[in-house]
Amino acid sequence: MSKNIYINNLKTRSALLKALRNAFYREDFFEVATAVKIPAPAPEEYIESVQCADGEFLRSSPELAMKRMLCGGMERIFQIGAAFRAEEQGRKHREEFTILEYYAVQWDYRQLAEFTAGMIADAARELFGRTQLVYQEHTVDMGRHSFITVDEAFRKYAGVSAFEADADGSFDELMVLKVEPFLGRDCPEFLIDYPANRASLSRLSAADNRVAERWELYVRGMELGNAFGELTDAVEQRRRFEAALRFRAEQGMLKYPEATDFLEALERGMPQSSGCAIGFDRLCMIFCDSYDIKEVIFE
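Quick note: the sequence shown uses the numbering used here, first residue -5, plus one each step.
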């Protein structure tokens, strides 16, 4: 990659940050900042945090701290900052990356999806004067978006029900090899309604308790964001965390302390809300037509 292309990518990154902030400000969101070094991460089954020498951790997401803000009375908040995940390296991954995370009280997860789609479309218009972008020789219309349920996607692309794949242990492999490559090929696509046990921080769907109110956003087969209709039941959240900690212990993963501050805040009460985390560097890749994440970050 030439020096001029790299410089242009960094300028596009800066312009994209400005455009996204503008979208949040238009909807009366407050920008917040939370600690990068934390005493206890959320015990996720497939994400390993970076542990510091003193036993604390670098956050893999600001999620728990931002939810404590919701418990304390904040209603619409966003944050853009560094996050860390151990041993992640590749063309779409870095151990340190930039995360965009945001929450809205009284929005359901579909409302949050519509806001997200509009925010990205507006950013394309602001940067390029159009919503059609070319990514790796393919035109993607950021001004349109679509929805597909996880079960529909598995039946369409893998030839099996998502619930069957979840039960027989083939879900993750089929997702990576058979499903993800076909998502968001022409426009951003929201993969919604995951099997209930695959969304530990999400509430169950009122329409179908087999699935959770979770979506992931894809463009050209690349996951950009992950969102939940947030779980507000403190007892159920504690139960899920305990199950995740047992799983992590069985897999020989890092031992996490209990996320006491978050659980106590949840016990005091958290309003109905939805939240999303977007990998900002990956979104930059789409806007810069970059194949590798190293082309849009400064290392």
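All C-beta atoms in this analysis are idealised placements derived from N, C-alpha and C, irrespective of residue type, glycine included.
Where residue i and residue j are concerned, what is the direct C-alpha to C-alpha distance, given to the nearest angstrom?
| i | j | result |
| --- | --- | --- |
| residue -1 | residue 284 | 10 Å |
| residue 189 | residue 38 | 16 Å |
| residue 111 | residue 253 | 32 Å |
| residue 199 | residue 282 | 36 Å |
| residue 205 | residue 239 | 22 Å |
| residue 23 | residue 162 | 42 Å |
| residue 101 | residue 229 | 23 Å |
| residue 114 | residue 178 | 14 Å |
| residue 201 | residue 85 | 38 Å |
| residue 193 | residue 56 | 17 Å |
| residue 120 | residue 244 | 49 Å |
| residue 47 | residue 29 | 17 Å |
| residue 20 | residue 9 | 17 Å |
| residue 88 | residue 290 | 12 Å |
| residue 185 | residue 234 | 23 Å |
Once DSSP output is grouped into helix, strand and coil, what is the label at residue i?
| i | result |
| --- | --- |
| residue 10 | helix |
| residue 254 | helix |
| residue 206 | strand |
| residue 231 | helix |
| residue 23 | coil |
| residue 224 | strand |
| residue -5 | coil |
| residue 218 | strand |
| residue 272 | strand |
Rounded to whole angstroms, how far is the Cβ of residue i from the Cβ of residue j, which I believe are closer than 8 Å?
| i | j | result |
| --- | --- | --- |
| residue 354 | residue 92 | The requested residue 354 does not occur in the structure, where the chain is confined to residues -5 to 293. |
| residue 136 | residue 143 | With 8 Å as the limit, residue 136 and residue 143 do not qualify as a contact, their Cβ atoms being about 22 Å apart. |
| residue 78 | residue 90 | 5 Å |
| residue 272 | residue 219 | 4 Å |
| residue 264 | residue 64 | 6 Å |
| residue 148 | residue 171 | That belief does not hold up - the Cβ atoms of residue 148 and residue 171 are roughly 12 Å apart, past 8 Å. |
| residue 195 | residue 36 | 7 Å |
| residue 173 | residue 151 | 5 Å |
| residue 94 | residue 71 | Their Cβ separation, rounded to whole angstroms, is 12 Å, which puts residue 94 and residue 71 out of contact at 8 Å. |
| residue 221 | residue 208 | 7 Å |
| residue 269 | residue 97 | 4 Å |
| residue 145 | residue 156 | 4 Å |
| residue 183 | residue 139 | 7 Å |
| residue 225 | residue 242 | Contact flag wrong, Cβ pair sits at about 19 Å. |
Do you know whose CA, among the options, lies nearest residue i's CA?
| i | options | result |
| --- | --- | --- |
| residue 223 | 112, 187 and -3 | 187 |
| residue 80 | 53, 101 and 274 | 53 |
| residue 246 | 42, 97, -5 and 9 | 42 |
| residue 49 | 258, 267, 249 and 276 | 249 |
| residue 122 | 66, 7, 166 and 259 | 7 |
| residue 262 | 185, 44 and 62 | 62 |
| residue 292 | -5, 4, -4 and -3 | 4 |
| residue 181 | 191, 203, 132 and 156 | 132 |
| residue 27 | 59, 166, -4 and 83 | 59 |
| residue 274 | 185, 197 and 217 | 217 |
| residue 160 | 175, 191 and 83 | 191 |
| residue 25 | 277, 257, 260 and 14 | 14 |
| residue 66 | 256, 83, 158 and 51 | 256 |
So with Cβ pairs under 9 Å, would you call residue i a contact of chain D?
| i | result |
| --- | --- |
| residue 207 | Absent from the structure is chain D; it holds one protein chain and no more. |
Taking 8 Å as the line, does the beta carbon of residue i fall inside it for any heavy atom of the ligand SAM?
| i | result |
| --- | --- |
| residue 270 | Only the bare structure without any ligand can be found here, which leaves the ligand SAM out of the picture. |
Legend entry - 4-residue-minimum alpha helix (DSSP H) runs that sit fully inside the segment 122 to 150, ordered along the chain: 144 to 147
Inset, instruction - Would you mind listing the alpha helix (DSSP H) stretches within the segment 26 to 111 that are 4+ residues and don't spill past its ends, in chain order? - result: 57 to 65
Legend entry - Any beta strand (DSSP E) of 3 or more consecutive residues that is wholly inside the segment 149 to 213: 183 to 189 and 205 to 213
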